[in-house]
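There are 4 protein chains.
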Amino acid sequence: MRKRLRDFGIKIGNFPSGSKNLITDVNGVKVGNFTLIKDEPSIARTGLTLLTPHEKDIYDENIFASTFVINGFGKSIGTIQIEETGLLESPIVITTTLNVGKIADALISNIISEHNDLITFNPVILECNDGKLNDSRRRWLSEKELENALKNLSDTFELGAVGAGTGMVAFGFKSGIGSSSRIVERDGQKYTVGVLTVPNFGRRSDLMIKGVEVGKILEGKDEKPFGSIIIVVATDAPLIPKQLKRLCIRATHGLARTGAKSTNHSGDVVLAFSNAIKIPRKPSSTIEIKYIPDNLPIFQDLMDAVVEATEESILDALFTAEDMKGFNGNEYKALPVEEILNFLV
Amino acid sequence: MRKRLRDFGIKIGNFPSGSKNLITDVNGVKVGNFTLIKDEPSIARTGLTLLTPHEKDIYDENIFASTFVINGFGKSIGTIQIEETGLLESPIVITTTLNVGKIADALISNIISEHNDLITFNPVILECNDGKLNDSRRRWLSEKELENALKNLSDTFELGAVGAGTGMVAFGFKSGIGSSSRIVERDGQKYTVGVLTVPNFGRRSDLMIKGVEVGKILEGKDEKPFGSIIIVVATDAPLIPKQLKRLCIRATHGLARTGAKSTNHSGDVVLAFSNAIKIPRKPSSTIEIKYIPDNLPIFQDLMDAVVEATEESILDALFTAEDMKGFNGNEYKALPVEEILNFLV
Amino acid sequence: MRKRLRDFGIKIGNFPSGSKNLITDVNGVKVGNFTLIKDEPSIARTGLTLLTPHEKDIYDENIFASTFVINGFGKSIGTIQIEETGLLESPIVITTTLNVGKIADALISNIISEHNDLITFNPVILECNDGKLNDSRRRWLSEKELENALKNLSDTFELGAVGAGTGMVAFGFKSGIGSSSRIVERDGQKYTVGVLTVPNFGRRSDLMIKGVEVGKILEGKDEKPFGSIIIVVATDAPLIPKQLKRLCIRATHGLARTGAKSTNHSGDVVLAFSNAIKIPRKPSSTIEIKYIPDNLPIFQDLMDAVVEATEESILDALFTAEDMKGFNGNEYKALPVEEILNFLV
Amino acid sequence: MRKRLRDFGIKIGNFPSGSKNLITDVNGVKVGNFTLIKDEPSIARTGLTLLTPHEKDIYDENIFASTFVINGFGKSIGTIQIEETGLLESPIVITTTLNVGKIADALISNIISEHNDLITFNPVILECNDGKLNDSRRRWLSEKELENALKNLSDTFELGAVGAGTGMVAFGFKSGIGSSSRIVERDGQKYTVGVLTVPNFGRRSDLMIKGVEVGKILEGKDEKPFGSIIIVVATDAPLIPKQLKRLCIRATHGLARTGAKSTNHSGDVVLAFSNAIKIPRKPSSTIEIKYIPDNLPIFQDLMDAVVEATEESILDALFTAEDMKGFNGNEYKALPVEEILNFLV
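This is the structure we're talking about:
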């Protein structure tokens, strides 16, 4: 993992970030990566990223969530039920496109092994396509790999070409996982917004960093646009599903600031959750919740925070990922950060 | 107003109805009709129905709401903001298609007259087309007529060819306003669901009453399908917007049981609200609410209650409306209830 | 397979059905079932149903499609991309809930084996839960079982407790697969609408056949509502995606006529496609299409046909399925058709 | 009207613009403004902008259209029917929030006066709130004002503080109407994309021009965010409704590049139409259309063109509008273009 955006003194937006500047700054959120890099029997440059939204059993203690599809050329699994109920009952796994079936099954295996009576479960598997660097038709990832990611669950984690980010490419450069967080504070209330992204989209010429059209300055030419981005937004602010939808939509604004245009074959999917309120799967009575009404000024802060944390998270995926050679002899170079810094003042 | 369905001992569904079997059985809900019937300078058979969801100022004390469009050949106003915020800030007015502009403006006039600082307001005007019986191009209704409906606000109101129901036609018979309510009670909790409908759709041959294809038995022939239905669902059960959306969708099931097929030129729009929780327009802090989680069995009861109250409400609009002659010499007969009773065993 | 509804002279709706009264009356559509019934090492009462929408390679020659979620407590896979592009690029597979991951992967295996360059593919896997009769946690179905269904592809197929219908239960009775078709003809145009359903929902007391509340007449008591329904609508009428959405929604009306209320834990998902127009995956120019504008009267016929074919298809699943004992000693009886016939006139 | 962005040699994006760099570069599109500025009996700084999408009667010859709500704190009228049918049957009018009722009625008056048999019509009235500069509670605009805009219909029109733009404010500066167009050309095909915007949103500190955070450099402080943006996208490329939805969504990306964050009380509504294909209201048969499949590379160009034309259009509204004093003594200064130019290289 190379240096992060902030290590160069580059700041995006107005709010302070949390102590790690990671989605895990949202209390209770953990992330675990599994990375697979090998050359035999074929080229594997792949992995998966697992996120658990709180420290209890998410199947038994659901939380409010929402999704938004910016561009739906994607194969993500699990959004129908979230949209109906406003509830998340699954850990979130991000992996590569053709591997979603195997990983959905692996997650089902894991969850049913821990719930004897379970015969229905909504696995949430989000995906980007690592087929430029990975022999993705092999579908390398299954139960064992998921278990390894589970073992790696932690409130800190590496960025760049690890986990689901292993084989990702964005704007013609090697990409990976990015993450960022923001603290919003007002009238005695204080909340954290965290974002995790897997950018895997865009043409070189589209890349924009802090408004500078870096992609047009750097040498190189465009490939046909391809790929996707997954954006996960976490918060400990108590919000209801309709408000989380509003947060999801703001990820679009952050995405657009990196130069993204959400091309035809891109699966740009956002999932937002709040882990502030737990809804038991088997409730015994009405539930008392506190929530932030939309007209309270701090709700505006939360939406704004999503915009900037998304932008920074995407850029960090590019800043931190390193050169990679992979499938079919394809090679993607890391973003030439030193060169870029010249343009950024 | 003729006799209601229940006056003939006909019962729809399983739950008991409220004391009035009206949407106003939901505590705080009031309805006011204004009816215009005159022959000069042209034929007027029109009106409007106004509903206030609670007894406070709805602009200052919003409530959760949701809408669902079964078939969107309609001109209803105000759904965009409800879908964004999940909040209703307006009384609900139902009137005839070409009159929506004038009535939207009349409602704006009324609301701004009571709020000195207001420069934005989302009027909710729902509509069906009374153009078969009314010279609707005249757009008879404006501020004065809205004020008259306001004066008529009450927790009881007439059904049939009054208010927005004045010129309505359904299944080839004279229609009007219908309403019904249900009480759901479980584990010490007790809530009311109320429905108000303005059925103005369907071919004679489609009409089905308690499963009997009455429309095919009765003499007469089909006209070209035309028209719409507005369905308003009210409850005092504490529900959040996503749950109110689920209630909205169940109105489709009740509608379908009357034989409706939601034809091409039908604007079938549902709006549901809960007046249990009031969200101040200018909140000063987080808000504590109690709500019924989806997995609590009484939530299922609430959804089921919408199905049956919708069905009964639609049929009651037909049972209560009387013969009417109107524009262009058109005449629509009341449903021949006595004849139908023979088929209903 | 027991007798079908029509074998008893029961007719639903107004339009004539196609020669087989199956979804395969739509020219080009084929269906293949795989059924697994065994008692060792545990109880298997499961299967899958595969549908190919035309006789060419659907991955290379896409067709217009749309989906609609009546109630989204479901785990179906593949709807995001259909909703974005309006295109179906996959066969449609229906199976049991916990098996969706394995079958998604099996379908990916199958499709990539036939396309050397494919690294992205949107598998469409729809599901209902057969866990009342099947030890569904075992997830019995995988590549081999999918291949068997492929071998069975035909323009005729059995109904009842076969394929995805093997372990299904509806209204407290043994259910299975149902299908029905309608021919619409007007002004020299003639099209077919076909429907395939897998009903797996509802309380006994809700069942309604031709308007008769059969479920309340028959002995027996309600279980807790559970389960889902998948509805696939096929047509050879040339329609664009937005129109197919309108067809999808009409499946709700047909569903409601059987007494369904789309309960809280039901995944009621509709997918409609037209195989009249093929859109090449790699088009070389603009495409000339003929389509039926919404205001042409035959478009209304197509929507109406969906209502009645859906209703009949659901009832036929119940009529044709036979008694079954299964997991945990659970037994579900076939619908007592002879007894019911007494109530239907 | 002050100078436009291009007059200073500032270029946004990659595609050439049309000859006028206006939405009216799309053949057949006409725009007419009506501007009202007066101080008695109260302060009027308002107007309306009317757009006709082709030169025939839009009520009788509909076109494909779609809408997208980025943030729905808005009162626009007419989107329900467009979303159902994919068809536009109305001219598009943009005006101020509280005036939508009166203008909807004025448009109804106008359309019914030209169609003797019309009793249903879906007026499309989009809105932003000019209440900072205009005594908008007066609702100054009605039939006469609409007729004046109709008289002004032309394939050229002024930008800045005219028509619907008269009282608009964006990023703390005087705003107005903006417009821009792009030509896409590939493989012998050539199409135009035109955009018209009415920006009325945002905090000063958010403003970004070509990536430079101008708003943070310029003196002045933020007001509470308020207001909205209407974005109309026109094209002569033959696209079906689902594709126009995809174009709509790309307006978000262009919007975000100006620094917009779509704040809580913003009504950010996009409407896109193609005037390439005319669908008669009373069709007599199937319709033959040519359309651009999504996978043809020029479809990607069309989506990209929306991003850049939207961005430029918003900036042009700010560049062209002049200082204005208005209601309550409020004054909004024009964007200090000369000062800004210093930062833009």
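Protein chains in written order, with my numbering: chain A, 1 to 345; chain B, 346 to 690; chain C, 691 to 1035; chain D, 1036 to 1380. Quick reminder that beta carbons are idealized off the backbone N, C-alpha and C, glycines included. Quantities reported herein were computed from a predicted structural model and do not represent experimental measurements.
query	result
Helix, strand or coil, according to DSSP, for glutamate 633 (chain B) in the structure here?	strand
In angstroms with no decimal places, state the Cα-to-Cα distance between lysine 519 (chain B) and serine 550 (chain B).	15 Å
Of the residues A:Leu239, A:Ile80 and A:Ile229, which one's Cα is nearest the Cα of methionine 168 (chain A)?	A:Ile229
Going by the CB atoms, is the gap between leucine 486 (chain B) and threonine 440 (chain B) shorter than 8 Å?	yes
Ignoring anything shorter than 4 residues, give me the alpha helix (DSSP H) runs that lie fully in the stretch 701-754 of chain C, in order along the chain.	none
If you scan the stretch 177-264 of chain A from start to end, which runs of the beta strand (DSSP E) of 3 or more residues do you find wholly inside it?	178-186, 189-200 and 228-235
When the Cβ atoms of the stretch 927-938 of chain C are set against those of the stretch 621-631 of chain B, are three or more pairs found closer than 8 Å?	no
Of all the options B:Thr394, B:Leu452 and B:Leu443, which has the alpha carbon lying nearest to the alpha carbon of serine 481 (chain B)?	B:Leu443
Going straight from the alpha carbon of threonine 412 (chain B) to that of glycine 78 (chain A), what length do you get?	24 Å
Enumerate in chain order the residues of its own chain whose CB-to-CB distance from isoleucine 1340 (chain D) is below 7 Å, with the five nearest sequence positions on each side excluded.	It should be noted that the sequence gives alanine, not isoleucine, for residue 1340 (chain D). Cβ within range, chain order: Phe1050, Arg1217, Val1219 and Val1228.
Could you give the distance in angstroms between the alpha-carbon of lysine 1225 (chain D) and the alpha-carbon of isoleucine 1333 (chain D)?	9 Å
Taking the alpha-carbon of asparagine 1151 (chain D) as reference, which of B:Ala451, B:Arg483, B:Phe466 and B:Asp475 has the nearest alpha-carbon?	B:Arg483
Which two residues bound the contiguous alpha helix (DSSP H) that contains phenylalanine 664 (chain B)?	642-665
Strictly below 7 Å CB to CB, what residues from chain D border arginine 4 (chain A)?	In chain order: nothing, as chain D lies at least about 21 Å away.
Are the beta-carbon atoms of leucine 1253 (chain D) and threonine 1355 (chain D) separated by less than 8 Å?	no
For the stretch 413-476 of chain B, which segments carrying the alpha helix (DSSP H) assignment without a break, of at least 4 residues, lie completely within its bounds, in sequence order?	424-430 and 445-458
Could you name the residues of the same chain whose beta carbon sits closer than 6 Å to that of leucine 196 (chain A), not counting the 5 residues immediately before and after it, in chain order?	Ile23, Ser179 and Val232
I'd like to know whether the C-beta of leucine 1133 (chain D) is nearer than 8 Å to at least one C-beta of chain B.	yes
Note down the Cα distance separating glycine 1016 (chain C) from aspartate 820 (chain C), rounded to an integer number of angstroms.	10 Å
Got a sec: which bits of the stretch 287-300 of chain A sit with their beta carbon under 7 Å from any beta carbon on chain B, in order along the chain?	Ile287, Glu288, Ile289, Lys290, Tyr291, Ile292, Pro293, Asp294, Asn295 and Leu296
Spatial neighbours of glycine 910 (chain C) within its chain, please: CB distance less than 8 Å, with the 5 preceding and 5 following residues excluded, ordered by chain position.	Gly862 and Arg894
From the DSSP output, in three-state form, read off isoleucine 1375 (chain D) for me.	helix
I'd like to know whether the C-beta of lysine 932 (chain C) is nearer than 8 Å to at least one C-beta of chain D.	yes
Hey, is proline 283 (chain A)'s beta-carbon within less than 8 Å of any beta-carbon in chain B?	yes
Mapping the DSSP letters down to three states, classify phenylalanine 518 (chain B) as helix, strand or coil.	strand
Against chain A, does aspartate 795 (chain C) count as a neighbour if the rule is that its beta carbon must be under 8 Å from one of theirs?	yes
Given isoleucine 453 (chain B), which residues of its chain have a CB within under 8 Å of its CB, disregarding the five upstream and five downstream residues?	Phe466 and Pro468
Using alpha carbons as the reference points, say which of B:Thr597, B:Gly431 and B:Ala654 lies closest to asparagine 295 (chain A).	B:Gly431
Taking just the CA atoms, how far does leucine 5 (chain A) sit from leucine 344 (chain A)?	12 Å
Would you kindly work out how many angstroms separate the C-alpha atoms of alanine 617 (chain B) and proline 544 (chain B), rounded to a whole number?	17 Å
Just checking: is the beta-carbon of arginine 548 (chain B) within a distance shorter than 8 Å of some beta-carbon in chain D?	no
Less than 7 Å between C-beta atoms, sequence neighbours within five positions excluded: which residues of the same chain meet that for asparagine 134 (chain A)?	Ile43, Ala44, Arg45, Thr46, Thr96, Gly167, Gly326 and Phe327
Just to confirm, are glycine 892 (chain C) and threonine 739 (chain C) a CB contact at a threshold of 8 Å?	no
Give me the Cα-Cα distance between methionine 691 (chain C) and tyrosine 981 (chain C), rounded to the nearest whole angstrom.	38 Å
Give the DSSP bridge partners of methionine 1014 (chain C), in chain order.	C:Tyr1022
So which residues on chain B does glutamate 1119 (chain D) lean against when the C-beta distance must stay under 9 Å?	Val414, Asn416, Gly417, Phe418, Gly419 and Gly612
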